[in-house]
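Protein chains: 2
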Amino acid sequence: MANKRVKAQDVANLAGVSRTTVSFVLNNRSDSIPEATRQRVLDAARKLGYVPSAAARTLRAGGNNIVLVLTRYVVASEAGDEMHNAISAGLERCGLTCLLSRSAGDTSPLSRMLSEVRPCIIVSFFPISDDDRRMLEQLDIPLLELGEGASSPSEFSYANLQHRIGFAQAEYLIGRGCRDLVYVVGDDSLIEGIHEYRYQGVAEAVARHARVGLAGRVNVDADSGEGFLGLDEGMPDGVDGVCAFNDTVAAAVLAWAGRRGVDVPGDLRVIGVDNLRFGMFLDPPLTSVAIDADEGWSDAVVAAVLDRLGRAPAGDGAEGSSADAAGRADDAAGGGSGDFGIRVVARRSA
Amino acid sequence: MANKRVKAQDVANLAGVSRTTVSFVLNNRSDSIPEATRQRVLDAARKLGYVPSAAARTLRAGGNNIVLVLTRYVVASEAGDEMHNAISAGLERCGLTCLLSRSAGDTSPLSRMLSEVRPCIIVSFFPISDDDRRMLEQLDIPLLELGEGASSPSEFSYANLQHRIGFAQAEYLIGRGCRDLVYVVGDDSLIEGIHEYRYQGVAEAVARHARVGLAGRVNVDADSGEGFLGLDEGMPDGVDGVCAFNDTVAAAVLAWAGRRGVDVPGDLRVIGVDNLRFGMFLDPPLTSVAIDADEGWSDAVVAAVLDRLGRAPAGDGAEGSSADAAGRADDAAGGGSGDFGIRVVARRSA
DNA sequence: CTGAAAGCGCTTACAG
DNA sequence: CTGAAAGCGCTTACAG
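If you read the protein sequences in the order shown, they are chains A and B. Oh and the first sequence: position 228 is 228 in the UniProt record's numbering, straight run, nothing missing. Oh and the second sequence: position 128 is 128 in the UniProt record's numbering, straight run, nothing missing.
Okay, here's the thing in structure tokens:
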């Protein structure tokens, strides 16, 4: 088993050409190379199972096409999962390679990661420390932060997506006649960031309607026994609409309502987020906000990455691109609707 | 803004030493270097924000410490998410860098990924194509396949984990007096692989008990309206126990039972998988199998990776390691219990 | 159209 | 204890 590492020279030998030619063919710079030669090289490479050394090519070329995406545990949801898939697929389609880390910059230092792999851009779903931010600047690695401050959510930010989700919940309830809303969150501290954004979205929607009020936030401690801790005490009187942080929290609210004899949706309308399947098996079936990752926000993220990299979007050559990624990203979202793939799935609970 | 790429030479200049010394200090081979010099180098590196070039160091050293984990969309669950986190954290603790890909080897070719980053080992949650397998062999990259054939699930395999989950479900129901089980799956084709493994586990448990029968599999088409398609027709008579593929499917069964006036758990016991929070809000609250990623199977995976790499487990120097990773992995699982962190959370439904 | 050569930034024997 | 030098495998001007 002569299992020696095969390199460009071996391919060149087998094809009867020089290393230069091999490199040209393999990197699609073969304009000036006769088709016959090209094929010989390609065949040789295939036969030998040649894959160029990532390290050498990166070193020589001065960079690679890796997009490093920083995520961490937030709350598992199909929507979140699909979003990662959609982003990954979208980047691959543009010739970029998408790699996720679930610890770098969070439980493990970012610099450690960077000495193993140096991406051409970093996309982070959570806020990066100032030190890390400085380091990236030093290293000339662009950073796309998706989870910016809730105060001024940029067009692409994860914060903005969350904001819109809350907004959509509230708008729906108000449209159904609710006048006194409340926001209910779970006790999972890991979701704090997200629920803040969503709450702001709810608040904004409420502010836009004259005679609608928002009675603040209520916490459900879902871990404690029957899981209604906080609801009995916390639920303000007169509330007729609940925006739940997600479908799980909504399920808790529904169970609580059932127990207390509160009629849903007659006395109280409840809307969740995620549109998980179990929602349709609740009593009453749960109305929820679905996020369609494939056609919405993930496209905006891919567009933003491309813009930062100074590359044109996939599938077209020249385009006046640069500062106005916002416009393009918005266009990319769900057939120009700019809704980031957010939609309400109406069932009986609201 | 003199933002020139800082390299080892710059650090050496600032510290007043040679590149060699810098390299020694930064790679912890500084046995022979005086502490004062060491500090000077460290300070200089910090001040300049120096991070060694990943490409150069990999090229020169002939390898890196990257573990590439191949996953893809299966079914989002907190358990799966936590498992990835636990594996990632476990590997980092051993000095390895964990990177996930959600497309390589699946929607995008593995070779493309490999020409961007060459890991020292690949861990795959799904079966790798024969071509890719050959390629990895060629490239001398060890492959740890977690989703092996259901026929002979190895001790570490994802298949085996799934097998045990099904087994645990059935054992619990049998222990509660069930004599006629049925397995209920959703219509999500993506989960086919997993549910096959789990079903085999159920079958094995049933086979171990003399007077217990298994009435096969029933499909719920959760997408269709009320979501009971298949249950009305498919549910065999006389069944007194349901092993549901997951909590969502279990929720469908519970809803169906409520509608048909089947008493749970009196006439029918139902157990799910994942122990999702919403289960406690169902009526009756759902009994489920929880998978404790932190202390169970993920440790076994980390141990297996280390073994393949020929490295000793973290935290100890010499240990007679090699072929018997099975033993070690099993030991690592949940306080030596070898249960991979699988446990039944009993509620009223079973 | 093809080849010889430089050089990317590092690590690591090897001399001093 | 420290430095000069080789070389990892590739890509890319540059000559032929």
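Where a beta carbon is used, it is the ideal one built from N, C-alpha and C, also for glycine.
Since residue i is in the beta strand (DSSP E), which residue starts that stretch and which ends it?
i              : result
L70 of chain A : 66-70
Please list the terminal residues of the continuous alpha helix (DSSP H) segment that includes residue i.
i               : result
D165 of chain A : Here residue 165 of chain A turns out to be Ile, not Asp, going by the sequence shown. Where I165 of chain A is concerned, the enclosing alpha helix (DSSP H) stretches over 158-175.
R38 of chain A  : 35-48
D232 of chain A : 231-234
R60 of chain B  : 54-61
Determine the DSSP secondary structure at residue i, reduced to helix, strand or coil.
i               : result
T97 of chain B  : strand
Y197 of chain B : helix
V117 of chain A : coil
G213 of chain A : strand
R348 of chain A : coil
I342 of chain B : strand
N27 of chain A  : coil
V202 of chain A : helix
D10 of chain B  : helix
V239 of chain A : coil
G90 of chain A  : helix
V17 of chain B  : coil
V51 of chain A  : coil
E319 of chain A : Residue placement at E319 of chain A is poorly supported in this model, since its pLDDT is 39, which falls under 50; the coordinates still yield a value, given next. In the structure shown, E319 of chain A sits in coil (DSSP, three-state: anything other than H, G, I, E or B).
M83 of chain B  : helix
D331 of chain B : Its pLDDT being 39, under 50, D331 of chain B is placed unreliably in this model, and the value from its coordinates should be taken loosely. If DSSP states are grouped into helix, strand and coil, D331 of chain B belongs with the helices.
Residue i: beta carbon under 8 Å from a heavy atom of the ligand SAH?
i               : result
A251 of chain A : Although the ligand SAH was asked about, the structure shown includes no ligands whatsoever.
From the DSSP output, which residues share a beta bridge with residue i?
i               : result
S108 of chain B : B:A104
N219 of chain B : B:V185
D180 of chain B : B:G213
Would you list, in sequence order, the uninterrupted alpha helix (DSSP H) runs of no fewer than 4 residues that lie entirely inside the segment 245-315 of chain B?
247-260, 297-309
Sequence ranges, beta strand (DSSP E) only - wholly within the segment 119-146 of chain A, length at least 3
121-124, 143-145
Are at least three pairs of beta-carbons, each pair with one atom in the segment 200-213 of chain B and one in the segment 272-279 of chain B, less than 8 Å apart?
no
Do the segment 163-175 of chain B and the segment 340-347 of chain B touch if we need at least three Cβ pairs shorter than 8 Å?
yes
Does the segment 26-36 of chain A come close enough to the segment 27-40 of chain B that 3 or more CB-CB pairs lie under 8 Å?
no
Segment contact flag, the segment 275-292 of chain A with the segment 247-256 of chain B, C-beta cutoff 8 Å, min 3 pairs
yes
Is the number of C-beta pairs between the segment 41-59 of chain A and the segment 81-94 of chain A that are closer than 8 Å three or more?
Note that the segment 41-59 of chain A does not touch the segment 81-94 of chain A; fewer than 3 beta-carbon pairs, one per stretch, sit closer than 8 Å.
Give a yes or no on contact between the segment 133-149 of chain B and the segment 56-68 of chain A, applying the rule of three or more CB pairs nearer than 8 Å.
no
Tell me, please, whether the segment 231-243 of chain A touches the segment 252-260 of chain A by the rule of three or more beta-carbon pairs shorter than 8 Å.
yes
Counting pairs of Cβ atoms below 8 Å between the segment 117-125 of chain A and the segment 100-107 of chain B, do you hit three or more?
By the Cβ rule, the segment 117-125 of chain A does not count as touching the segment 100-107 of chain B, because fewer than three pairs are nearer than 8 Å.
Between the segment 133-141 of chain B and the segment 130-146 of chain A, do three or more beta carbon pairs fall short of 8 Å?
no
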